[in-house]
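Okay, so here's the structure we're looking at.
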Amino acid sequence: MQRHSKHSSVRSFTKAAFAVQLALLSATGAAQSTSEDDVEVVNVTGSRIPRAEVVSTSPVTSVEEFQLQLDRAVNVEDIIFKLPQAPSSGASGGSATTIDLRALGQNRTLVLLDGTRAVPFGFRNAVDVNAIPAGLIKRVDVLTGGAAAVYGADAVSGVVNFIMNDDFDGVEFSTSYEMPEDGAEQFNAEAIFGGDIMDGKGHLTGFVSYSDRQALLAGDRAFAMENNTEVVNTGGYYTDVASGNSFGIDDSGALTEDKNTVDSTAGRYLVSPMTRKSTGLFWDVDLHDNVTMYGRALYSQMEVWSSGSVGQTPISVNEEVTLTADNPYLTDEIADQLTFDANGEAVVNVERNLGLGLQKTKTDRDRFQFQVGFRGDITDYLRYDGYFQHGKTDETDTVYNSGYETTSSGTSSFAGIANSVNLFDPSVSLTDLETTLTYHTRERTQNVAAITLSGESTPLFELPAGPISYAVGYEYRREAGVQRPGDAFSLGTTYSSSSSVSIDASFYSKEAYLEVLVPLLVDKPFIQSLDFEGAYRVSSYSNTDADDTHKLGLNWTVNDDWRVRWTRQSAFRAPNLGEFAGPVSGLSLALFDPYSDQFISSLAGRFEGDPCLLGTGDADQCARLGAPAVGTEWDSSSAQYTYGGNPNIRPEKADSTTIGVVYTPEYIEGFDLTVDWYQIEIDDAIWVIQPAAALQSCYIDNPVAGNPLCDAVLRDPETGFITTALVNDFNVSSFAQEGVDVTAQYKFAAPQSIGGEFSFNYSANIVTLAEKQLDPTLPVEDCKGTYGTACTGDYASSLQADYKHRMSFGWALEDVNMQVSWRRIGDVVYASDPSVSIAAQNYIDVAASWQVSDSLNVGAGIDNLFNKEAPVPEAGATRYNTVSGYDVVGRSIGVSMRYTPTL
598 MQRHSKHSSV RSFTKAAFAV QLALLSATGA AQSTSEDDVE VVNVTGSRIP RAEVVSTSPV
658 TSVEEFQLQL DRAVNVEDII FKLPQAPSSG ASGGSATTID LRALGQNRTL VLLDGTRAVP
718 FGFRNAVDVN AIPAGLIKRV DVLTGGAAAV YGADAVSGVV NFIMNDDFDG VEFSTSYEMP
778 EDGAEQFNAE AIFGGDIMDG KGHLTGFVSY SDRQALLAGD RAFAMENNTE VVNTGGYYTD
838 VASGNSFGID DSGALTEDKN TVDSTAGRYL VSPMTRKSTG LFWDVDLHDN VTMYGRALYS
898 QMEVWSSGSV GQTPISVNEE VTLTADNPYL TDEIADQLTF DANGEAVVNV ERNLGLGLQK
958 TKTDRDRFQF QVGFRGDITD YLRYDGYFQH GKTDETDTVY NSGYETTSSG TSSFAGIANS
1018 VNLFDPSVSL TDLETTLTYH TRERTQNVAA ITLSGESTPL FELPAGPISY AVGYEYRREA
1078 GVQRPGDAFS LGTTYSSSSS VSIDASFYSK EAYLEVLVPL LVDKPFIQSL DFEGAYRVSS
1138 YSNTDADDTH KLGLNWTVND DWRVRWTRQS AFRAPNLGEF AGPVSGLSLA LFDPYSDQFI
1198 SSLAGRFEGD PCLLGTGDAD QCARLGAPAV GTEWDSSSAQ YTYGGNPNIR PEKADSTTIG
1258 VVYTPEYIEG FDLTVDWYQI EIDDAIWVIQ PAAALQSCYI DNPVAGNPLC DAVLRDPETG
1318 FITTALVNDF NVSSFAQEGV DVTAQYKFAA PQSIGGEFSF NYSANIVTLA EKQLDPTLPV
1378 EDCKGTYGTA CTGDYASSLQ ADYKHRMSFG WALEDVNMQV SWRRIGDVVY ASDPSVSIAA
1438 QNYIDVAASW QVSDSLNVGA GIDNLFNKEA PVPEAGATRY NTVSGYDVVG RSIGVSMRYT
1498 PTL
């Protein structure tokens, strides 16, 4: 009943809004003759109302095309990494790069292309921004705070809007090459073309792009090798079950008393290799005086090699096999260690690296989006804009250097060859056990249809300060996803500890929205203008109840020098496909265990060992819950890390407030300063509590009977060992963040002796409060200026610095531009142990460009000029001994060229 009434609310709201439109339309005839000349209008991020000036109540930080080109951005990842508002892992070690504004979670950041939704790649609604062609981006707008009343769900922490250069005229060829030391080289080539079509009635812009990024291995960086991952060697370690005799075989083939291991760290991906091919078209055509058709068609094909979900640990066996006395590979020295029964058989436990190399996953991801729309003027005071877009992402994950642990008949693949190959020869080839496996295939689709009517109240009335501007519309959206696991990972017949599950889910939403811009006062003492902005959205979702959202805003222009803005907005985030429909599945806890040879570095921080076994837990609490004694040996591969969705999940609710000042003094030409304070509060947050956080609370921070987080990690009632870590989605958390964004720029003439113009730019994010309460029964955590899993989750950044800036100084001559930039990440402490800290990190970049001729521009630069290495904390590392968010590449020298022939 409740959902039905919500649908009725949408219909009632829509009918009322369009009744107003009809009234305005009927009154237009008498007013048309008095209309003023056409004024060019623009769309601003954070509003659906076209306006003559790029002025909004919502705080927006922009990165312009000039800076993007000077930075030689090959991938969008290169752009995001330098934004103070967006913690980033830099060059990604995974198969996708997402945006996490304010470290509140990637699924709380809405990503737009020219004001409409980009296509997600997975079930958590995140967008792989590396699929967006960096060379065609005109501007990047970052909006702070909730914007659900304007754009719909998911715009909780903010919006990132990529404005594309869809009105390009001419032809341009560009290429760039980045050259770090020993890996992560990047090459990009792009061609852009554009021009008028149909005798000037339309415009077409197209592009073709190719980029390639090489791998950077952990062995190429000293900090990544400080703690190695040891695995058993290919000689193996053998234990005779009957007698208990054991022996190892070293890499030369000689017998040893102890197990022999090798370090598998060096060959692991610190930066994943990636190849991207993309092409696309943007168009608009005047079909009639008042009808313009527009649209876009974008396609990208990406291939990324990464650790994937299976990790990069080499395949090894640890199982009992039967060796026969007539095995031709048994030497007398080995046979003397074994006990053969009357049938000439010996049962031997074999722990051996199969020598297949590091596992690795290839992700093939194809992304397509098509949009077609129509816009135009109904009257001089009423406009329409309607569009439909379809997007689809197809993905296949393939695992290499792995194989089937069991045969189709259910027997052990390794045991089947135990007497037919020389297991005791460390150089013997066991590639017959190797099979390339499909981890899963995934299809993710998104359909959006929307119609917006916008205009002014002039036909009916005008306020003393001017007409009311408005936008009213309706949007339908459908999200769907299908995942099909490979047989080995669904049946559990692979050597890997990972599994994959089937998912087939969808939901749709219907929403009606209204936005108004009301001029309250104009040309009054201390008030050059005072405008009110309001928005309201009624939402209905097929998979959950939904809240209406609103926006209230004031824009007060004091004079030509000062402007003050304020917003108060509500937002909500509907459960995504993974959260409400993802089945519960499990992985081996060993993949998350830094003390296990199966450990995956990219999963660091989620489990940090059993505190009762490590001796760090409260002894009384450990005894109360039946844990084994300190120092007891335990194999974490016997435990499961379970995760999945929750069909009863509810939407998140959020409120955000911003207050800002814009200062553009006339007496300081070329100077402007923007300061925006923001506050974001999120309730009923969908969150997962990682076992590391649960164990920290249960056994160290709050070791009392009845601590609810103790139930998140289950123990065997007989042995006391951990058996299961429960990591499912629940509405259990609340977050609050306050801070200040500061943006300043100053352009002024350089001394006549050198000529040209100097420029200074400063953009910073200062966090003044960051609190998270992961469960209502737990105390609020102070997360400001921290790193580590105690203040984060699966989809939020582990580095939450309370200060981050980018400052640059430039010198522009007639044909030459030079710039030096300073990026700073403030000092942080380990959230689980504030006595451990990481000092502030500073990076210096230099760049220059030279307009050689009207057609040719060349550029060069050095990022991380002084080759600052990633910091290595004493505890809490989340990525190869460092923390995600710091530069792991080091110094990188880059060159670029743009050629625009005269046609």
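Okay, so the sequence shown: first residue is 598 according to our numbering, each after it adds one.
Glycine residues also receive a C-beta, built at the ideal position from the N, C-alpha and C atoms.
Just so we're clear, the structure is a prediction, and the values are computed from it rather than from any experiment.
- Task: Just confirm the distance between the C-beta atoms of F1169 and P1244, as a whole number of angstroms; I'd bet it's less than 8 angstroms.
- Result: Between P1244 and F1169 the Cβ distance is about 18 angstroms, and since that is not below 8 angstroms, they are no contact.
- Message: Could you tell me the alpha carbon to alpha carbon distance between D1372 and L1306, rounded to whole angstroms?
- Response: 8 angstroms
- Task: Assign V1018 to one of three DSSP states: helix, strand, or coil.
- Result: coil
- Task: Could you tell me which uninterrupted beta strand (DSSP E) segments, each at least 3 residues in length, are contained entirely in the segment 1389 to 1466, listed from first to last along the chain?
- Result: 1400 to 1409, 1413 to 1422, 1425 to 1427, 1430 to 1435, 1438 to 1448, 1453 to 1460
- Query: CA-CA distance, G719 and G1078?
  - Reply: 8 angstroms
- Integer-rounded CB distance, given that V1426 should sit under 8 angstroms from G1382: 6 angstroms
- Message: Could you pull the DSSP bridge partners for V1310 from this structure?
- Response: A1322
- Could you give the residue range of the alpha helix (DSSP H) that holds D1190? Counting along the chain, D1190 falls outside any alpha helix (DSSP H), and DSSP gives it neither H nor E.
- Message: Between which residues of its own chain and V1227 is the CB-CB distance below 6 angstroms, once the five residues before and five after are set aside?
- Response: G1212
- Item | Residues near T958 by beta carbon distance below 8 angstroms, same chain, minus five either side | S692, W902, S903, S904, G905, S906, V907, D994, T995, V996, Y997, Y1036
- Determine the extent of the alpha helix (DSSP H) in which A1216 is found, giving its start and end residues. 1216 to 1221
- Given a threshold of 16 other Cβ atoms within 10 Å of its Cβ, counted over all protein chains shown, does K1121 qualify as buried or as exposed? exposed
- Query: Considering only C-alpha positions, which residue in the set V1486, T1497, R1495 is nearest to F820?
  - Reply: V1486
- Query: Quick one, are the C-beta atoms of N762 and K735 less than 7 angstroms apart?
  - Reply: yes
- Range covered by the beta strand (DSSP E) that runs through P925: From DSSP, P925 is part of no beta strand (DSSP E); its letter is neither H nor E.
- Query: Quick one, are the C-beta atoms of Y1275 and T706 less than 7 angstroms apart?
  - Reply: no
- Please state whether DSSP places Q1195 in a helix, a strand or coil. coil
- For L1114 versus I646, is the C-beta spacing smaller than 7 angstroms? yes
- Span separating the alpha-carbon of L1174 from that of R721: 6 angstroms
- P1288 lies in the alpha helix (DSSP H); which residues open and close that run? 1288 to 1293
- Reference C1388, options V1310, A1333, A1361, closest by Cα: A1333
- Item | Rounded separation between M1494 and R962 - CA only | 29 angstroms
- Going along the chain, which residues of its own chain have a beta-carbon closer than 7 angstroms to the beta-carbon of W1408, five neighbours each way excluded? A1347, G1353, F1355, M1415
- Message: So within the segment 1114 to 1175, which uninterrupted beta strand (DSSP E) runs reach at least 3 residues, ignoring any that extend past its ends?
- Response: 1124 to 1138, 1146 to 1154, 1159 to 1170
- Query: Which of the three DSSP states, helix, strand or coil, is assigned to N727?
  - Reply: helix
- Item | Coil, strand or helix - S913 by DSSP | strand
- Delimiting residues of the beta strand (DSSP E) encompassing S875: 871 to 885
- Message: I need the straight-line Cα distance from H885 to D974, nearest angstrom please.
- Response: 10 angstroms
- Taking the alpha carbon of Y896 as the point to measure from, which residue in S1394, Y807, W1419, I1351 has its own alpha carbon closest? Y807
- Task: Out of V1098, V1480, P1314, I1065, state which residue places its alpha-carbon closest to the alpha-carbon of R1081.
- Result: V1098
- Cβ neighbours of Y1073 in the same chain (closer than 6 angstroms, five flanking residues each side left out): A1046, K1107
- Could you tell me the distance, in whole angstroms, from the CA atom of T1028 to the CA atom of S1010? 12 angstroms
- Item | Burial state of L733 (16 or more Cβ within 10 Å) | buried
- Item | Run of the beta strand (DSSP E) containing V1025, from where it starts to where it stops | Run containing V1025: none; DSSP gives neither H nor E here.
- Report, in whole angstroms, the separation of the C-beta atoms of M899 and A863, which I expect to be a contact under 8 angstroms. Not really, about 26 angstroms apart at Cβ, beyond 8 angstroms.
- Cα separation between D1424 and A815? 25 angstroms
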